[in-house]
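Chains as they are written, first to last, in our numbering: chain D, 508 to 857; chain H, 295 to 681; chain P, 311 to 474.
A virtual CB, placed ideally from N, CA and C, is assigned to each residue, including glycine.
None of these values were measured; they are calculated from a predicted model.
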Amino acid sequence: MRDIAVVATAHSAVTSTTETPVESLVPVLNEVLANAGLQRSDVGFWCHGSCDYMIGQPFSFVQAVDALGAWPPIVESHVEMDGAWAMYEAWMKIATGECDTAVVFGNGKSSSADMFAVMALQLDPYTDAPLGLDQVSMAGLQARAALDAGVISERGMAEVAARSRRNAMTNPHALVSGEVSVDELLAAPRLHDPLRMHDLPTPGDGVSALVLAAGDVARSISDRPAWIRAIDHRIDAQRLGGRNLATVASATEAARRCGVGDGRIDVAEIHAPFTHEELLLTAALGIDPSVTEINPSGGALVSNVLMAAGLARVAHAAERVMHGTADRVLAHATQGPCLQQNLVCVMEGE
Amino acid sequence: MGAERCAVVGVGQTKHDSCRADVSIAGLVREAADRALAAAGMVMDDIDAVVIGKAPDMLEGVMMPELWLAEALAAAGKPVFRVHTAGSVGGSTAIVAAQHVMAGIHKRVLTIAFEKQSDGNAMWALSVPMPFSMPVHAGAGGYFAPHVRSYIKRSGAPTHIGAMVAVKDRTNACANPYAHLHEPDWTLERAMESPMLWDPIRFVETCPSSDGAAALVLVSEDVADSMDVPKAWVHATSMRSEPTMFAGRNQVSPQAGRDCAADLWRKAGITDPASQVDVAEIYVPFSWFEPMWLENLGFAELNTGWRMVEDGVTDLRGGSLPINPSGGVLSSNPIGASGMLRFGEAAMQVMGVAGDHQVDGARTAVGHAYGGGSQFFAMWVVGAEKL
Amino acid sequence: MSDDVLRVRTPIGVDYGWTAGPRSTAYLQGLIDGKLLGKRCPTCTKVYFPPRNGTCPMCGVLLGDDDVEVGPAGTVTTFCVVNVPFLGQKIVPPYVAATILLDGADIGVQHLILGIDADKVRMGMRVEAVWKDSSQWGPTLENIDHFQPTGEPDVEFTDYAGQL
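This is the structure we're talking about:
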């Protein structure tokens with residue numbers, strides 16, 4: 508397998524944009540290319556993650572090509588998945604030797620509809636989706652299952668929220684940040700019992716992008732590329748009544764296959780839109796919070812750009828390696844009801 | 295290239311029909327997957343990863359349906375990957391699946407593409423009103439008909455060419471038990487009398503709307519060598535994209551298609567496609583696209599693709615380059631699966647398992663798909679031998 | 311069993327907001343005022359009408375801020391005659407759906423051709439916009455009821471072949 512690394516990143520996130528999704532892409536793609544010192548014509552492959560139901564338009568990704576400068580024609584693909592899986596496809600493409608560089612991006616426009624309600628459409632269309640179970644209610648089911656199993660606590664959930672907002676103070680793309688005490692958070696009412704407002708993600712409109720490069724090309728772009736040592740992704744059966752919601756079997760399996768436990772993880776960027784999800788995933792991935800810095804970006808709790816938030820975790824984790832403030836990092840992405848599908852990526856410095 | 299070899303060792307598809315009310319979406323997908331696995335002599339436990347493709351989720355009203363389908367496919371615990379590149383998706387999904395093997399990541403990959411249009415409301419799904427445009431199109435036919443007119447004007451093709459292709463494909467479909475339309479009675483005279491839906495496109499020159507699924511099992515070289523089943527070796531894959539609309543765009547023969555074909559031939563070591571390729575399954579939802587793509591792919595010189603049709607070069611029996619022996623998109627169009635059907639039919643031809651629509655002695659075959667406003671292209675060359 | 315449930319109908323509804331973006335906003339505002347406003351690419355100088363997603367698709371850059379008025383006449387580059395009725399159709403067939411290259415624009419726009427028999431419409435024909443009464447105008451290209459022939463001589467094929 509070729510050596511492949513993340514060599515540049517860029518992000519945008521706002522609560523609600525007045526630009527089209529295509530207009531929002533242009534500055535972020537310009538920035539990530541500039542960070543890599545590449546022209547559009549240098550890019551070997553483009554891969555995009557987005558979802559029609561998040562934009563409200565069939566073939567919405569087709570328009571994104573208008574932001575790429577795809578003339579002469581380009582080698583390009585799209586996944587109806589979080590951008591983290593677009594990175595997986597780009598990583599494969601480079602591994603086959605077909606190209607040496609790839610631009611990967613994910614984008615979403617959470618403000619275009621009630622996305623918590625839209626998520627019900629991921630469920631079994633014959634039996635479950637017509638019931639209209641929204642994403643917060645599904646998350647509440649999982650939180651309750653985990654609380655009742657004794658594997659998490661409401662105080663622990665509030666601690667995740669407080670830490671995320673504190674960490675967000677140094678993240679320019681965070682949509683909520685600040686110092687807040689755990690007791691203050693726990694004093695708030697439960698909105699979707701057992702979930703309080705602070706347990707929910709902060710939806711955003713925006714883009715995350717990164718550049719992948721192989722071997723010496725990566726070294727020529729970055730002084731310290733974030734080398735991808737392993738990536739794996741796994742899925743669980745969806746049915747909420749058919750699996751133990753207090754565990755995340757697919758995340759555990761992906762982490763095992765990536766050899767997460769083979770060494771110290773300095774930083775873990777975990778894609779957990781809800782507080783209890785971070786606690787469940789930390790355990791499932793085999794992360795020791797006493798040695799690993801968790802979600803220094805603040806995570807999806809402070810900026811949840813749908814279809815980009817998973818890729819953003821990869822980008823933020825890679826930034827720590829590229830900046831020389833971490834040697835071995837883990838990035839995680841999730842999608843599907845109650846952490847159904849999970850991707851794990853382990854990156855290292857030279 | 296550092297890519298590993300990859301082979302197709304199983305092709306499966308459903309019976310395509312306007313409404314498969316006898317199965318759920320999950321049942322439809324399983325029907326194709328089970329047949330592909332059976333052809334490969336495998337079961338789901340043997341599979342390392344699943345790659346799924348389909349066109350817009352709004353066609354069925356299920357968002358990211360692969361999440362829900364994972365259980366029905368017995369894919370829990372495995373990687374499940376979802377591709378969406380518009381109408382080319384069936385082709386690009388097969389390519390992404392092949393890349394799992396070519397990159398050395400997995401050894402046995404199942405790929406599936408499907409559409410169950412009867413479970414949703416396609417006209418609703420595809421007609422979201424946009425204030426910047428005028429609602430004049432009346433569906434895909436209305437979008438593509440003006441480009442067909444441009445082709446006819448530019449090439450000087452006689453107006454019966456579209457009808458000739460239609461009669462050929464509908465006749466070929468009668469030899470394919472899985473095809474949606476089985477209409478043996480078409481003649482050129484009757485086809486010429488078929489009503490003009492989107493003038494210059496006649497009713498018979500138009501694809502149907504189908505429920506259906508296609509599946510392929512792709513394996514690494516060592517696995518393929520250990521198997522005693524017919525194989526199709528992937529010789530080359532290619533994808534290209536360009537924007538939907540831009541100033542001075544050639545919409546009859548898009549540059550992305552020409553670039554994709556040139557890249558494909560180069561990778562497959564093919565210098566004269568018309569003589570070196572034995573059979574091609576190309577994505578022809580409206581019959582005039584056969585001569586248009588023959589030129590775009592480099593099988594014919596500019597403005598001469600229609601002469602290959604008129605001379606019978608593309609006929610299943612007696613033609614030197616049979617096009618769409620399966621009956622093509624013109625006879626079955628489960629949108630998301632249509633590209634994979636082209637790729638799968640190409641594989642079946644070089645495997646020698648195409649039954650009554652087998653092209654005798656086929657050794658090298660092409661699968662082709664396109665999508666969007668003729669802007670996304672996906673192609674592969676498969677062969678009976680390793681390249 | 312004859313009473314097996316084979317199909318159920320479960321309507322689902324989601325309301326979405328659509329963001330025009332600043333460049334399409336100028337175009338839509340122009341339509342409210344009875345003007346056809348495009349935008350120019352700062353890199354290749356091509357004029358896009360409508361400025362669909364706010365970018366030049368060839369260059370991948372945001373279109374410029376200045377409005378460029380185009381039309382109201384133009385050339386039919388290609389067309390089809392729609393004979394098929396379909397669900398949700400707003401115009402009664404048969405009608406001519408054409409791609410019209412408006413004077414001053416570098417890309418065609420789709421619209422209707424009326425005021426001439428469908429079988430007389432030609433590639434290269436010169437046409438002009440026929441607006442609805444201004445009391446019916448809104449932020450939509452439907453403010454133009456249709457295009458009709460100007461009576462000018464047809465444009466030579468070679469002069470618009472690059473637009474097909």
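For residue i, the nearest candidate out of the options (CA to CA)
i, options, result
"residue 374(P)", "384(P), 363(P) and 435(P)", "363(P)"
"residue 754(D)", "735(D), 786(D) and 778(D)", "786(D)"
"residue 502(H)", "578(H), 365(H), 401(H) and 455(H)", "578(H)"
"residue 315(P)", "623(D), 634(D) and 836(D)", "634(D)"
"residue 651(D)", "854(D), 845(D) and 851(D)", "845(D)"
"residue 588(D)", "842(D), 852(D) and 659(D)", "842(D)"
"residue 527(H)", "674(H), 541(H) and 320(H)", "674(H)"
"residue 740(D)", "826(D), 728(D), 699(D) and 756(D)", "756(D)"
"residue 439(P)", "414(P), 455(P), 449(P) and 370(P)", "455(P)"
"residue 807(D)", "678(D), 656(D) and 598(D)", "678(D)"
Neighbouring residues, chain P, relative to residue i (Cβ below 8 Å)
i, result
"residue 502(D)", "The requested residue 502(D) does not occur in the structure, where chain D is confined to residues 508 to 857."
Within 8 Å, strictly: CB atoms of residue i and residue j
i, j, result
"residue 624(H)", "residue 602(H)", "no"
"residue 651(H)", "residue 610(H)", "yes"
"residue 324(H)", "residue 306(H)", "no"
"residue 487(H)", "residue 460(H)", "no"
"residue 705(D)", "residue 646(D)", "no"
"residue 608(D)", "residue 718(D)", "yes"
"residue 332(P)", "residue 525(D)", "yes"
"residue 835(D)", "residue 777(D)", "no"
"residue 555(D)", "residue 819(D)", "no"
"residue 612(D)", "residue 532(D)", "yes"
"residue 630(H)", "residue 347(H)", "yes"
"residue 436(H)", "residue 538(H)", "no"
"residue 312(H)", "residue 412(H)", "yes"
"residue 716(D)", "residue 550(D)", "no"
"residue 811(D)", "residue 701(D)", "no"
Cutoff 8 Å: residue i Cβ touching any chain D Cβ
i, result
"residue 324(P)", "yes"
"residue 340(P)", "no"
"residue 295(H)", "Its pLDDT being 45, under 50, residue 295(H) is placed unreliably by the model, and nothing is read from it."
"residue 668(H)", "no"
"residue 331(P)", "yes"
"residue 411(H)", "no"
Bridge partners - residue i, DSSP secondary structure assignment
i, result
"residue 842(D)", "848(D)"
"residue 673(H)", "532(H) and 662(H)"
"residue 514(H)", "300(H)"
"residue 420(P)", "409(P)"
"residue 699(D)", "702(D)"
"residue 584(D)", "554(D)"
"residue 734(D)", "512(D) and 855(D)"
"residue 715(D)", "518(D) and 613(D)"
Test: residue i CB closer than 8 Å to a CB of chain H
i, result
"residue 649(D)", "no"
"residue 458(P)", "no"
"residue 314(P)", "no"
"residue 463(P)", "no"
"residue 426(P)", "no"
"residue 443(P)", "no"
Chain P contact residues for residue i, given Cβ-Cβ distances below 9 Å
i, result
"residue 448(H)", "467, 471 and 474"
"residue 489(H)", "393 and 394"
Within-8 Å CB hit, residue i to chain P
i, result
"residue 308(H)", "no"
"residue 545(H)", "yes"
"residue 582(H)", "no"
Residue i: contacting residues in chain H (beta-carbon distance under 7 Å)
i, result
"residue 409(P)", "440"
"residue 599(D)", "393, 394, 397 and 399"
"residue 452(P)", "428"
Partners in chain D for residue i, counting only beta-carbon separations shorter than 8 Å
i, result
"residue 538(H)", "569, 570, 572 and 573"
"residue 350(H)", "559, 565 and 566"
Where residue i meets chain H, residues with beta-carbon distance less than 8 Å
i, result
"residue 630(D)", "362"
"residue 433(P)", "443, 444 and 447"
Amino acids of chain H, ordered along the chain, whose beta-carbon sits closer than 9 Å to that of residue i
i, result
"residue 592(D)", "375 and 376"
Proximity test, residue i beta-carbon vs the ligand FAD heavy atom, cut-off 7 Å
i, result
"residue 611(H)", "As for the ligand FAD, it is missing from this structure, which has no ligand bound."
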